[in-house]
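Notes to accompany the following structure.
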Amino acid sequence: MMKLTQWITLISVGALMLPLHAEPAKKSADKARPGKQDKAPKMVEKQASVTIDGQKIDYTVQTSRLVLKKDDGKARASVFNVAYIRNGVKDVSRRPVLFAFNGGPGSSAVWLHLGALGPRIVPTSADGTKPLKPPVTVQENPFS
């Protein structure tokens, strides 16, 4: 009689040998409406505040998607963006601006926002390479 581990191994190997196949293509009725992906979603805004060095700073968070179009007007690509804009600045021409690029297929820009540059961050180890053990809460970023 075979031992239990041998049976489990045999079943596991057998399962791996099952034929794999792709799901058949959906019918044209299931496709998204033409042109729907060509439209950029509306900008979303939220008011927030953070305290840095004892000073309360009110700011606006804006998120939007920039759609890049081909010559025929159809969407070619899109870029999602987030902006943190300090409220109450008298001379916006003298306001410092930072452009930070990251993300794309296979990589998320979340760590630029929640790990380093955003007004609120998730705490990490002192060198920033490891998350802390749960539970953790989002904190104000003293370097934002």
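Residue numbers for the sequence shown follow the numbering used here, beginning at 17 and rising by one. Positions of the beta carbon are idealized from the N, C-alpha and C atoms, including for glycine.
Take the Cβ of residue i as the centre, count every other Cβ of all protein chains shown within 10 Å, and call the residue buried at 16 or more, exposed below.
{"i": "V113", "result": "exposed"}
{"i": "G70", "result": "exposed"}
{"i": "G134", "result": "buried"}
Please return the same chain residues whose Cβ sits closer than 7 Å to the Cβ of residue i, not counting the five positions on each side in sequence.
{"i": "N103", "result": "D74, Y75 and T76"}
{"i": "K86", "result": "R92"}
{"i": "V152", "result": "V138 and P139"}
{"i": "V108", "result": "none"}
Spatial neighbours of residue i within its chain, please: C-beta separation below 8 Å, excluding the five flanking residues on both sides.
{"i": "T67", "result": "I73 and E156"}
{"i": "R111", "result": "R102 and V105"}
{"i": "V60", "result": "Q78, T79 and S80"}
{"i": "P57", "result": "S80 and R81"}
Within this structure, are the beta carbons of residue i and residue j separated by less than 7 Å?
{"i": "L128", "j": "A142", "result": "no"}
{"i": "P150", "j": "T140", "result": "no"}
Going by beta carbon distance, what residues of the same chain come within less than 6 Å of residue i, once the five residues before and after it are set aside?
{"i": "V95", "result": "L82"}
{"i": "A99", "result": "Q78"}
{"i": "L84", "result": "R92 and A93"}
{"i": "N118", "result": "A125 and L128"}
From residue i to residue j, what distance separates their C-alpha atoms?
{"i": "S65", "j": "R136", "result": "10 Å"}
{"i": "V154", "j": "L130", "result": "8 Å"}
{"i": "F159", "j": "A132", "result": "8 Å"}
{"i": "S80", "j": "Q63", "result": "15 Å"}
{"i": "T145", "j": "N97", "result": "25 Å"}
**Study point:** Within the segment 44–115, ranges of the beta strand (DSSP E) (whole runs, at least 3 residues)
**Key:** Listed in chain order, they are 60–68, 71–85 and 91–102.
Point to revise | Uninterrupted beta strand (DSSP E) stretches inside the segment 129–156 (no shorter than 3 residues) | key: Listed in chain order, nothing qualifies, since the segment 129–156 has no complete beta strand (DSSP E) run of 3 or more residues.
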